[in-house]
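Working notes, structure below.
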Amino acid sequence: MAKKTTSDKMGDKLKNNFEKVKLDIQRKKELAEKNMDEKKKDYYPEETTNLQNPPKSLPNNLHDKLIIEETHNVKFLNFSLNNTEYAIELKYVNEIVRYSGVVKIPRSKEYLVGIINLRDQIISVVNIGYFLDEVEFLPNDNSRIIIITVDQILYGILVNKVSQVLNISSNSIRNFQESEKGRNGKVLKGIDSSDNGDKITLLLDISKFGFIPQ
27 MAKKTTSDKM GDKLKNNFEK VKLDIQRKKE LAEKNMDEKK KDYYPEETTN LQNPPKSLPN
87 NLHDKLIIEE THNVKFLNFS LNNTEYAIEL KYVNEIVRYS GVVKIPRSKE YLVGIINLRD
147 QIISVVNIGY FLDEVEFLPN DNSRIIIITV DQILYGILVN KVSQVLNISS NSIRNFQESE
207 KGRNGKVLKG IDSSDNGDKI TLLLDISKFG FIPQ
């Protein structure tokens, strides 16, 4: 076997040193990556936990309950005719104006109170009491005209007084029995009993009244 020269020995030594340095660098790299992972867990514990234990969704029954509560509450505008409380769905209501400037039309329909000019729009004002067998009333300072839109046509309905907006749940609405409706039954939507009987409010379907083209 040939005897190694001094240069060969130095080459082997450098090679061994290089391998040691390479292994040392690899170990340091692995240690640094491990430390980074530990620090990430310390800084972002919630993120790590969430990945391991993803949050649960809302229970189905709670989700359904929220939807039911939202879809079964309807807003109504409460008003009075003589001594009776009525309400119509708020979605039909545009605005409420004072009773003034009504021009009567000779030989017109019995239910037509007259017409008004509201911002250059001619609007028919109707006495809905005519369709509810209410005795004719005389307008006073509290009387109002409720401007409504049905099938893209504006109407005004004359009432004694506008009270409030009601948020009524379907659970508190009692439907009319056939024997209770009478000849004007199609305009009656139901009875609101949300006040535990202290006040009875008749809910009307304004789109079914006789002055609306069917």
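Numbers in the numbering used here are just positions in the sequence shown, counted from 1, shifted up by 26. Just so it is clear, CB atoms sit at the ideal spot from N, CA and C, and this is done for glycine as well.
Enclosing beta strand (DSSP E) for residue i [first to last residue]
{"i": "residue 190", "result": "187-195"}
{"i": "residue 123", "result": "119-124"}
{"i": "residue 133", "result": "Careful: residue 133 lies outside any beta strand (DSSP E) and carries neither H nor E."}
{"i": "residue 111", "result": "110-115"}
{"i": "residue 229", "result": "227-230"}
{"i": "residue 238", "result": "That residue, residue 238, is in no beta strand (DSSP E); it is neither H nor E in DSSP."}
Residue i burial status per 10 Å Cβ neighbour count (16 or more: buried)
{"i": "residue 227", "result": "buried"}
{"i": "residue 150", "result": "buried"}
{"i": "residue 232", "result": "buried"}
{"i": "residue 57", "result": "exposed"}
{"i": "residue 49", "result": "exposed"}
{"i": "residue 225", "result": "exposed"}
{"i": "residue 215", "result": "buried"}
{"i": "residue 148", "result": "exposed"}
{"i": "residue 173", "result": "buried"}
Residues that DSSP places opposite residue i in a beta bridge
{"i": "residue 146", "result": "Answer is none; residue 146 lacks a bridge partner."}
{"i": "residue 152", "result": "138 and 183"}
{"i": "residue 213", "result": "None; residue 213 has no bridge partner."}
{"i": "residue 101", "result": "193"}
{"i": "residue 200", "result": "217"}
Whole-angstrom C-beta distance between residue j and residue i, which should lie under 8 Å
{"i": "residue 169", "j": "residue 185", "result": "7 Å"}
{"i": "residue 187", "j": "residue 105", "result": "6 Å"}
Closer than 7 Å: residue i CB and nearest the ligand FAD heavy atom
{"i": "residue 152", "result": "The model on display carries no ligand, and the ligand FAD is accordingly not part of it."}
Given 8 Å, three or more beta-carbon pairs between the segment 124-132 and the segment 97-112: no
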